[in-house]
Amino acid sequence: MTAAVVAPTFVPVPAVPRTAPLGTVQNPLPLIIDSDPGLDDALAIGLAVARPELDLLAVTTVGGNADVRHCTTNALRLLDLYGASDVPVGEGSAGALFGEVVRATEIHGEAGIGSTVLPDASATARPEGAVDLIASILRSHPEPVAIAPIGPLTNIALLLRLHPHLGHRISHLCLMGGSVGEGNTTVSAEFNIYADPEAAAIVFESGIPITMMGLDVTHQAVLYPPASERLRGLGTRSGAVAAELADYALQREGQWYGTPRMSVHDAVAVAHLAIADLVDVAEYDVQVDTGSGPARGRTVCDGLPVRVDRKGRRMNAQVGIRIDRDRFEDVLVDAYSRLP
Ligand code: RIB
Ligand code: CA
Numbered sequence: 000m001t002a003a004v005v006a007p008t009f010v011p012v013p014a015v016p017r018t019a020p021l022g023t024v025q026n027p028l029p030l031i032i033d034s035d036p037g038l039d040d041a042l043a044i045g046l047a048v049a050r051p052e053l054d055l056l057a058v059t060t061v062g063g064n065a066d067v068r069h070c071t072t073n074a075l076r077l078l079d080l081y082g083a084s085d086v087p088v089g090e091g092s093a094g095a096l097f098g099e100v101v102r103a104t105e106i107h108g109e110a111g112i113g114s115t116v117l118p119d120a121s122a123t124a125r126p127e128g129a130v131d132l133i134a135s136i137l138r139s140h141p142e143p144v145a146i147a148p149i150g151p152l153t154n155i156a157l158l159l160r161l162h163p164h165l166g167h168r169i170s171h172l173c174l175m176g177g178s179v180g181e182g183n184t185t186v187s188a189e190f191n192i193y194a195d196p197e198a199a200a201i202v203f204e205s206g207i208p209i210t211m212m213g214l215d216v217t218h219q220a221v222l223y224p225p226a227s228e229r230l231r232g233l234g235t236r237s238g239a240v241a242a243e244l245a246d247y248a249l250q251r252e253g254q255w256y257g258t259p260r261m262s263v264h265d266a267v268a269v270a271h272l273a274i275a276d277l278v279d280v281a282e283y284d285v286q287v288d289t290g291s292g293p294a295r296g297r298t299v300c301d302g303l304p305v306r307v308d309r310k311g312r313r314m315n316a317q318v319g320i321r322i323d324r325d326r327f328e329d330v331l332v333d334a335y336s337r338l339p
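In terms of numbering that gives the first Met the number 0, the sequence shown has 104 at position 105, counting the first letter as 1, and numbering is strictly consecutive.
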């Protein structure tokens, strides 16, 4: 008897023109990254520093892959390594709004950066912390600012609750999280959403334009061992560190899939803001399950207009559905070729 393969019953949803803003070299996109560095976060931050289409205004940290103090130290040290120690870092929430603390140290290591020891940073975190740092930038920047949340959404939810009048100063939330299909932390839920479902629900119900780069597309954004050698072959400190982080992730994620691989989840969210046609997106109504059952943290993604209308809801997010893996790897290697 041959094993039957369950044919997913997902409704085919067409790719649509992107609504996320796009930076250009002539007009770099003002961007804040909210992050839990984090192996893939580290590559996403390097990509943001390297791309001339992005103007990285700040990195804020949130507890997720590791405890927030580690994430803050990692963010400061990575920016220093990338020659961007002038980018301010603000430390945010240590944990979720509700529920138990969820970590991913089995993938990212206890300190969130594998077994790599980065040199101390020259800068320190800003005293005002993540939410007030983001708020002050939103108030003062001459144009609305894009935010790329690539960790649990606790800081973004707190920002929206503490500064509801600043929502219109956020041009777009291009987040890594969720999935139309299965999760990774549980069969239902992807890590960033599972770590704080209540925060995610606040964000998806906020009305702010959202692009959700979920596992459906980020599991296509995979590096294999040759990519690590390409990074190491750049002969730079940043390239060497990126290769070291990738090697650690290749082994850790590889244990789950039987072959060395690294899904560079977070870099997909950042790349989309700098490159027009790297990621295909489709329109969905995304709701977050904040219950206490086996579906807690699931992003319930409905792409069928008649069903969404029937619920009296609307499509509230563009969701990544397709990326060219080879091109994505080239984008990462090219970015690191521009870093010290
Ligand atoms: O599920 C992947 C997400 O969880 C990524 O942001 C990774 O850094 C971890 O935080
Ligand atoms: Ca992350």
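Glycine included, each C-beta is placed from N, C-alpha and C at the ideal position. Bear in mind the structure is a predicted one, so any value in this text is a computation, not a measurement.
In the DSSP assignment, no residue is bridged to Ser-135.
Close CB contacts of Thr-210 within its chain, under the 6 angstroms cut and outside five residues either way in sequence, are with Ala-19, Cys-173 and Gln-317 (chain order). In the structure shown, Arg-50 adopts coil according to DSSP, grouped into three states.
For Asn-183, the shortest separation between its Cβ and any heavy atom of ligand 2 does not lie below 7 angstroms. With at least 16 other beta carbons inside 10 angstroms of its own, Gly-296 counts as buried. Here Ala-49 is actually not in contact with Ile-32; their C-beta atoms are around 13 angstroms apart, not less than 8 angstroms.
Here Ser-187 is near Ala-294, since their CB atoms are less than 8 angstroms apart. If you draw a straight line from the Cα of Asp-39 to the Cα of Ser-262, it comes to about 8 angstroms.
It is roughly 12 angstroms from the alpha-carbon of Leu-272 to the alpha-carbon of Ala-43. In this structure the segment 106-116 touches the segment 58-67; the number of beta carbon pairs closer than 8 angstroms is three or more. For the pair Glu-243 and Gly-253, the Cα-to-Cα distance works out to about 15 angstroms. Going down the chain, each residue whose beta-carbon is closer than 6 angstroms to a heavy atom of ligand 1 shows up: Asp-35, Gly-37, Asp-39, Asp-40, Gly-63, Asn-64, Ala-103, Ile-149, Gly-150, Met-175, Asn-183, Glu-189, Phe-190, Asn-191, His-264 and Asp-265. Listed in chain order, the non-local C-beta contacts of Leu-132 below 7 angstroms within the same chain comprise Ala-57, Thr-59, Pro-87, Gly-89 and Arg-125, local neighbours out to five positions each way being set aside.
With fewer than 16 other Cβ atoms from the protein chains shown falling within 10 Å of its own Cβ, Ser-139 counts as exposed. Given a length threshold of 4 residues, each whole run of the alpha helix (DSSP H) inside the segment 243-282 is given here in chain order: 264-271.
For Ser-114, there is no enclosing alpha helix (DSSP H), as DSSP marks it with neither H nor E.
Below 8 angstroms, enough C-beta pairs join the segment 158-172 and the segment 142-150 to call them touching: three or more. Asp-288 and Thr-1 have their C-alpha atoms spaced approximately 35 angstroms apart.
Taking 8 angstroms as the cut-off, the Cβ atoms of Tyr-335 and Gly-45 count as close.
For the pair of segments examined, the segment 90-100 was found to touch the segment 189-205: the number of CB pairs separated by less than 8 angstroms reaches three.
Looking at the DSSP output, Ala-145 bridges to Leu-30 and His-171. Between Val-278 and Val-216 the beta-carbon gap is near 6 angstroms, inside 8 angstroms, which marks them as a contact. CA-CA distance, Pro-225 to Ala-241, rounds to 13 angstroms.
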